[in-house]
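Residue numbers (full-length UniProt numbering): 1 to 200.
So this is what it looks like as structure tokens:
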């Protein structure tokens with residue numbers, strides 16, 4: 001029943017044309033029913049060609065982090081539902097780097113995410129990057145939230161939120177201190193969570 005709901009949801013999602021400045025196609029993870037969700041920021045310019053989230057350099061780093069906690073990329077993609085704040089590539093900024101989705105685009109996409117919460121009723125959400133984290137937690141600096149876990153009610157279920165920095169090669173935050181130690185602490189929390197343990 002839930003799988004059918006999710007497949008129908010993804011069919012509607014892939015047909016979405018709500019944001020004229022966003023560059024399709026819509027990118028979403030496999031139709032996996034899971035108590036664990038990952039929420040990223042938005043696809044990069046390569047994901048559209050490949051057709052799946054975290055398919056380029058940032059993904060390589062992210063899946064190395066997860067491998068350190070006992071899950072390969074293949075195991076993760078088969079068992080965790082991958083979503084994002086924006087589902088299409090936002091385009092480039094004039095001075096380089098990817099454009100951040102605007103408030104209207106984020107609100108348009110949030111409707112899809114809320115529908116996924118209703119279907120999945122997650123117990124563990126991994127938030128990757130500042131944009132994803134800031135949708136759920138007050139955020140001034142990454143050092144305030146990375147290495148900690150938070151409890152929040154989502155769809156009537158108490159859910160654990162574990163923030164991670166963005167694994168982008170353009171950022172050195174997770175490679176230098178205190179970021180490297182805080183990332184290590186965050187991954188340890190993730191690996192110890194009962195829902196993560198069930199994936200292994």
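C-beta atoms are modelled at their ideal positions from N, C-alpha and C, and glycine is treated no differently.
Nothing here was measured: the structure is a model prediction, and the numbers come from that model.
Beta-carbon contacts of residue i that lie in its chain and below 6 angstroms, excluding the five residues immediately before and after
i	result
residue 9	115
residue 155	117, 118 and 121
residue 67	none
residue 24	88
Reduced DSSP category for residue i - H, G, I as helix; E, B as strand; rest coil
i	result
residue 158	strand
residue 33	coil
residue 163	strand
residue 98	strand
residue 148	coil
residue 27	coil
residue 130	helix
residue 139	coil
residue 15	coil
residue 124	strand
residue 3	helix
Pick from the options that is closest to residue i, judged by C-alpha positions
i	options	result
residue 186	65, 84 and 43	65
residue 193	166, 159, 177 and 167	159
residue 40	49, 46 and 29	29
residue 88	145, 98, 79 and 94	98
residue 209	70, 93, 11 and 1	There is simply no residue 209 to check, as the chain begins at 1 and stops at 200 in what is shown.
residue 6	83, 48 and 25	83
residue 2	49, 25, 32 and 16	32
residue 106	197, 199, 18 and 50	18
residue 96	45, 108, 131 and 110	45
residue 196	146, 131, 79 and 100	79
residue 100	199, 13, 180 and 22	22
residue 157	91, 108, 123 and 184	123
residue 81	174, 173 and 37	37
residue 147	69, 103, 70 and 184	184
residue 129	110, 174 and 4	174
residue 13	110, 141 and 172	110
Neighbourhood of residue i by C-beta, 7 angstroms cutoff - its chain only, sequence neighbours within 5 removed
i	result
residue 143	178 and 182
residue 63	73 and 76
residue 262	No answer is possible for residue 262: the residues shown for the chain start at 1 and end at 200.
residue 149	160, 161, 162 and 189
residue 145	133, 137, 139 and 163
Residues sharing a beta bridge with residue i, DSSP
i	result
residue 153	158
residue 179	In DSSP, residue 179 forms no bridge with anything.
residue 83	39
residue 89	23
Status (buried if at least 16 other CB within 10 Å, exposed otherwise) for residue i
i	result
residue 190	buried
residue 166	buried
residue 47	buried
residue 15	exposed
residue 138	exposed
residue 20	exposed
residue 35	buried
residue 198	exposed
residue 51	exposed
Residues of its chain near residue i, where Cβ-Cβ distance is below 8 angstroms and the 5 sequence neighbours each way are ignored
i	result
residue 43	27, 53, 84, 86, 87, 88 and 89
residue 94	none
residue 169	57, 58 and 61
residue 70	191 and 200
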